[in-house]
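S.K.: Numbering (our numbering), first residue to last: 1282 to 1631.
Please find one structure pasted underneath; my questions will follow.
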Amino acid sequence: MDERWVKLTRFRCALTFFVQRPTKGGIQAPASYTRYTNTVQRASYLIPTNFLFKGPPGTGKTTTARKMGSVYYDIGLLASREVVECSASDLVGEYTGQTGPKTTKLLRKALGKVLFIDEAYRLCDGPFAKEAVDELVGILTQEEFAGRLVVILAGYDNEINRLLSMNPGLPSRFPEEIRFDNFTPVTCLHILDKKLSKEDVSCPSISSTDKECRQELLHLFGSLSSLPFWGNARDVEELSRRMLRTAYKRAAESAVVELSLSPQDAIVCAKIMLNERRARLTSLPAEEKTSVQPQALPQFYPSFEHSTSMAQPSASIDAEPAKPELEEDGCKIGLGEEGVQRDLGVSDAV
């Protein structure tokens, strides 16, 4: 059997492993196509190349984009594993006539690679932002670019939806959507444990040896993750640095070589972070408070905790992920029809 075919059939399992909650769009499609396609070339042609990554910060959108670059390269759809990371400002010019060429230049640089546009919702703002969106819609239909690179727009859920309303052709260019939810408290504690273990810091309150303190930390993570601006893995890493400083301080005070963190110290560090975040929220101007949408409390998905969550530090890409059942109509393919009005920014030229 062709090696590329084997890699293609593993595509869905790999992506399911990267994200917390697999969806029916980009993740389901490749495996469904491989069931009904006789050739690698045909299946490769049908695999989506444009994605929307929706979710709060620190949930693994950038990491998933990098993993997708490797997967698409392995199955022969891309010429490189490289991921070109940029922001909305890299597409928008500073004066009239600059945005179009700037956007085209960036996409041409990303040919054969993954183009990851973080905070893409910023394309909603500014005098030249709409020009960049229109240019993007037009470029993705051109033969030079269509199917020759992977484009990912990433950002908050509501803001990405607002971006899609700027051009009627944008939703059809990005039909595949992957959602990234807040990490559960269990996942946050798992990440914290890995961070401290990497620095050779022992902390009984995180392990099962002190269940009472472990439950207290889970409760604190639940409170933190319910606040606006919670950064998930980013903030867990910040908390691990605070705990590491405390461990070094305790070691210096007691002249002990081994680094350890008492349950009380761990809880105090987490409570300090929680109080600081709450204080920042109460100090916001009244008009800004009304615009802040609290993040939904993370739900617990035990089956995904160590198998399908992309951001689990202990996970490995070589691990054998769970294999959900395939759906016969897991993805729909829209074929063009004559007489359909072209989208904004798309030339009538063939």
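Note that CB positions come from ideal geometry on N, CA and C, so glycine has one too.
This structure is a prediction, so every number in the text was calculated from the model and none was measured.
Short of 6 Å in beta carbon distance, which residues of its chain neighbour GLU1601, apart from the five on each side in sequence? Order them along the chain.
M.R.: Numbered from 1 along the sequence shown, position 320 holds the residue referred to as residue 1601. Any reading at GLU1601 is ruled out, since the residue's pLDDT is 39, under 50, leaving its predicted position unreliable.
S.K.: Between GLU1412 and CYS1405, what straight-line distance do the alpha-carbon atoms span, to the nearest angstrom?
M.R.: If you number the sequence shown from 1, residue 1412 lands on position 131. If you number the sequence shown from 1, residue 1405 lands on position 124. In a straight line, the C-alpha of GLU1412 is about 10 Å away from that of CYS1405.
S.K.: Check this for me: beta carbons of VAL1418 and LEU1451, under 8 Å apart or not?
M.R.: Residue 1418 sits at position 137 when you count from the first residue of the sequence shown. Residue 1451 sits at position 170 when you count from the first residue of the sequence shown. Contact: yes.
S.K.: Counting along the chain, where does the alpha helix (DSSP H) carrying LEU1445 start and finish?
M.R.: Numbered from 1 along the sequence shown, position 164 holds the residue referred to as residue 1445. Looking at the DSSP string, the run of the alpha helix (DSSP H) that includes LEU1445 is 1438 to 1445.
S.K.: Which one of PRO1509, ALA1533, SER1486 and PRO1382 has the shortest CA to CA distance from LEU1498?
M.R.: Residue 1498 sits at position 217 when you count from the first residue of the sequence shown. The candidate whose alpha carbon is nearest that of LEU1498 is SER1486.
S.K.: Determine the DSSP secondary structure at PHE1502, reduced to helix, strand or coil.
M.R.: Sequence index remark: in the sequence shown, residue 1502 carries index 221 (1-based). If DSSP states are grouped into helix, strand and coil, PHE1502 belongs with the helices.
S.K.: Return the chain-ordered list of same chain residues with a C-beta closer than 6 Å to the C-beta of ARG1515, the five sequence neighbours on each side being excluded.
M.R.: The sequence position of residue 1515 within the sequence shown is 234, counting from 1. So the list reads GLY1339, once near-sequence residues are dropped.
S.K.: Do GLY1374 and VAL1364 have their C-beta atoms closer together than 8 Å?
M.R.: Position 93 of the sequence shown, counting from 1, holds the residue named residue 1374. Position 83 of the sequence shown, counting from 1, holds the residue named residue 1364. With contacts defined as CB atoms closer than 8 Å, GLY1374 and VAL1364 fail to qualify as a contacting pair.
S.K.: Alpha carbon to alpha carbon, what distance is there between PRO1408 and LEU1508?
M.R.: One-based indexing of the sequence shown puts residue 1508 at position 227. One-based indexing of the sequence shown puts residue 1408 at position 127. Each residue's alpha carbon lies about 32 Å from the other.
S.K.: Please look up how many angstroms separate the CB atoms of THR1563 and ASP1546, rounded, as I've assumed it's under 8 Å.
M.R.: To locate residue 1563, count along the sequence shown from 1; it is residue 282. To locate residue 1546, count along the sequence shown from 1; it is residue 265. Taking a contact as a CB-CB distance under 8 Å, the pair THR1563 and ASP1546 does not count as one, their CB atoms being some 26 Å apart.
S.K.: So the beta strand (DSSP E) SER1368 belongs to, where does it begin and stop?
M.R.: Counted from its first residue, the sequence shown places residue 1368 at position 87. 1364 to 1368 is the extent of the beta strand (DSSP E) around SER1368.
S.K.: Relative to the alpha-carbon of ILE1420, which residue among ALA1533, THR1384 and THR1345 has its alpha-carbon at the smallest distance?
M.R.: Position 139 of the sequence shown, counted from the first residue, corresponds to residue 1420. Checking every option, the nearest Cα to that of ILE1420 belongs to THR1384.
S.K.: ARG1362 CB to nearest chain B CB: under 8 Å?
M.R.: Among the chains in the structure shown there is no chain B, since it carries only a single protein chain.
S.K.: Is the CB-CB distance between VAL1431 and VAL1395 below 8 Å?
M.R.: In the sequence shown, the residue the question calls residue 1431 occupies position 150. In the sequence shown, the residue the question calls residue 1395 occupies position 114. The answer is yes: Cβ separation under 8 Å.
S.K.: With ARG1460 as the anchor, note down where its beta strand (DSSP E) starts and where it stops.
M.R.: Locating residue 1460 in the sequence shown gives position 179, where the first residue counts as 1. Counting along the chain, the beta strand (DSSP E) containing ARG1460 begins and ends at 1457 to 1460.
S.K.: For my contact list, MET1524 and LEU1540 are in at a C-beta cut-off of 8 Å; report their separation, rounded to the angstrom.
M.R.: Here residue 1524 is taken as the residue at index 243 of the sequence shown, counted from 1. Here residue 1540 is taken as the residue at index 259 of the sequence shown, counted from 1. Not a contact, Cβ separation roughly 10 Å.
S.K.: When burial is assigned at 16 or more other CB atoms within 10 Å of the CB, is SER1506 buried or exposed?
M.R.: Here residue 1506 is taken as the residue at index 225 of the sequence shown, counted from 1. Buried.
S.K.: Give me whichever residues DSSP pairs with LEU1224 in a beta bridge.
M.R.: In this structure the chain extends from 1282 to 1631, so residue 1224 is not present and cannot be described.
S.K.: Which one or two residues does DSSP pair with ASP1540 in a beta bridge?
M.R.: If you number the sequence shown from 1, residue 1540 lands on position 259. The sequence as given places Leu at residue 1540; Asp does not occur at that position. In the DSSP assignment, LEU1540 is bridged to VAL1482.
S.K.: Candidates ILE1553, TYR1376, PRO1329 and ASN1463: which alpha carbon is nearest LEU1358's?
M.R.: Counting from one through the sequence shown, the residue named residue 1358 turns up at place 77. Answer by Cα proximity: PRO1329.
S.K.: With a Cβ-Cβ cutoff of 8 Å, do GLY1444 and TYR1402 count as a contact?
M.R.: Residue mapping note: residue 1444 aligns to position 163 of the sequence shown, counting from 1. Residue mapping note: residue 1402 aligns to position 121 of the sequence shown, counting from 1. Contrary to the premise, residue 1444 reads as Leu rather than Gly in this sequence. Yes, the Cβ-Cβ distance between LEU1444 and TYR1402 is below 8 Å.
S.K.: Looking at the unbroken alpha helix (DSSP H) that takes in SER1453, where does it start and where does it end?
M.R.: Mapped onto the sequence shown, residue 1453 falls at position 172. Under the DSSP assignment, SER1453 falls in the alpha helix (DSSP H) whose first and last residues are 1451 to 1454.
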